[in-house]
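K.L.:
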Amino acid sequence: MPKRSKARVLALQIIFQLQGQSDDSLAKLDDFVKEAGLDASLSSYGRELALEAWANRSEADELIDKFAHDWRASSLPAGGLAILR
32 MPKRSKARVL ALQIIFQLQG QSDDSLAKLD DFVKEAGLDA SLSSYGRELA
82 LEAWANRSEA DELIDKFAHD WRASSLPAGG LAILR
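Quick note on numbering: the sequence shown equals residues 32 to 116 in the working numbering.
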């Protein structure tokens with residue numbers, strides 16, 4: 032798998048984890064990133080992607096609600112929601 036793809040997979044995993052955790056999950060994020068075993072630049076890139084998506088999740092959810100006909104962000108399975116965000 033290409034390196035940047037690995038970083039995007041990490042970002043998706045981080046978003047999925049953040050969706051299912053309590054507010055203290057950001058504190059545990061660094062441990063999760065370290066366990067991924069990617070080099071520092073890829074880990075940083077994946078983390079940055081995930082945190083940007085997480086910070087903008089309200090806007091993303093509004094777009095999902097607007098354009099995903101017959102679906103609401105709140106009713107999507109966690110994995111699908113993480114991908115769309």
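Heads up, the beta-carbon is just placed ideally off N, CA and C, and yes, glycines get one too.
1. Can you tell me whether Leu94 is buried or exposed? The criterion is at least 16 other CB atoms within 10 Å of its CB, across all chains shown.
2. Just mark Leu57 as buried or exposed, buried being the case when its beta carbon has 16 or more other beta carbons within 10 Å.
3. Using the rule of at least 16 other Cβ atoms within 10 Å of the residue's Cβ for burial, across every protein chain shown, is Ile114 buried or exposed?
4. Which class does Ala67 belong to by DSSP, given the choice of helix, strand or coil?
5. Would you tell me roughly how many angstroms separate the C-alpha atoms of Asp92 and Ala71, rounded to the nearest one?
6. Whose C-alpha, out of Asp61, Arg88, Arg103 and Glu90, is nearest the C-alpha of Tyr76?
7. Can you check whether the CB of Ala81 is closer than 8 Å to the CB of Ala109?
P.N.:
In brief:
1. For the purposes of this step, residue 94 is identified with residue 63 of the sequence shown, where counting begins at 1. Flag for Leu94 reads exposed.
2. For the purposes of this step, residue 57 is taken as the residue at position 26 of the sequence shown. Counting Cβ neighbours within 10 Å, Leu57 comes out exposed, since fewer than 16 surround it.
3. Position 83 of the sequence shown, counting from 1, holds the residue named residue 114. Around the beta carbon of Ile114, fewer than 16 other beta carbons sit within 10 angstroms, so the residue counts as exposed.
4. Counting from one through the sequence shown, the residue named residue 67 turns up at place 36. Note: Ala67 maps to coil in three-state DSSP.
5. Position 61 of the sequence shown holds residue 92. Position 40 of the sequence shown holds residue 71. Note on geometry: alpha-carbon atoms of Asp92 and Ala71 lie some 30 Å from one another.
6. As a working mapping, residue 76 is identified with position 45 in the sequence shown. Ranking Asp61, Arg88, Arg103 and Glu90 by CA distance to the CA of Tyr76 puts Asp61 first.
7. In the sequence shown, the residue the question calls residue 109 occupies position 78. In the sequence shown, the residue the question calls residue 81 occupies position 50. Ala81 sits away from Ala109, with the two beta carbons spaced by 8 Å or more.
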